[in-house]
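S.K.:
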Amino acid sequence: MSARKRKTYHEIDPEEALAALALLKNDPHFKKYIQMREAMREEVICQLQTKAIIDSTNRHFMMSGKLEAIDEELDMFYKL
Numbered sequence: 086m087s088a089r090k091r092k093t094y095h096e097i098d099p100e101e102a103l104a105a106l107a108l109l110k111n112d113p114h115f116k117k118y119i120q121m122r123e124a125m126r127e128e129v130i131c132q133l134q135t136k137a138i139i140d141s142t143n144r145h146f147m148m149s150g151k152l153e154a155i156d157e158e159l160d161m162f163y164k165l
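Note that our numbering has the sequence shown beginning at 86, numbered continuously upward.
1) Do Leu-159 and Ile-130 have their CB atoms nearer than 9 Å?
2) What separation, rounded to the nearest whole angstrom, lies between the Cα atoms of Gln-117 and Lys-136?
3) Under 8 Å, with one C-beta from each stretch per pair, do the stretch 147-156 and the stretch 99-117 reach the 3-pair mark?
4) Going straight from the alpha carbon of Ile-155 to that of Glu-128, what length do you get?
5) Check whether the Cβ of Ala-137 lies closer than 9 Å to any Cβ atom in chain D.
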C-alpha cells in the first residue's frame with residue numbers, strides 16, 4: 086500500500102482554483118455562503134465600534150485582521 090502524497094497550498098494551481106470558484110459562483114449554495122460571509126463582515130464592523138473593542142488594542146487588531154481577511158475573500162469572489 087503506497088502512501089498518497091497530499092497536495093499542499095503551494096502545489097495547487099491558483100488558476101485552477103479560481104476556475105473552480107468561477108463554476109460555483111452561480112450555485113445557490115455558494116450564493117448563500119457569500120451572504121453568510123457578508124453578514125459576518127457586518128457583524129465584525131459593528132463589533133469594532135463597541136467600547137470593549139475600542140478600549141482593547143489587542144482585540145481591536147484581532148477584529149481588524151478578521152475584517153481584512155473577510156474583505157479579501159469577498160473581493161476575490163466578486164472578481165469572478
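All residues carry an ideal CB built from backbone N, CA and C; glycine is no exception.
Just so you know, these numbers come straight off a predicted model, no measurement behind them.
M.R.: Working from what's here:
1) No, they are not a contact pair.
2) What sits at residue 117 in the sequence shown is Lys, not Gln. The alpha-carbon atoms of Lys-117 and Lys-136 are separated by roughly 31 Å.
3) Contact between the stretch 147-156 and the stretch 99-117 is absent, with fewer than three C-beta pairs closer than 8 Å.
4) So the two alpha carbons sit approximately 11 Å from each other.
5) Here there is only one protein chain, and chain D is not present.
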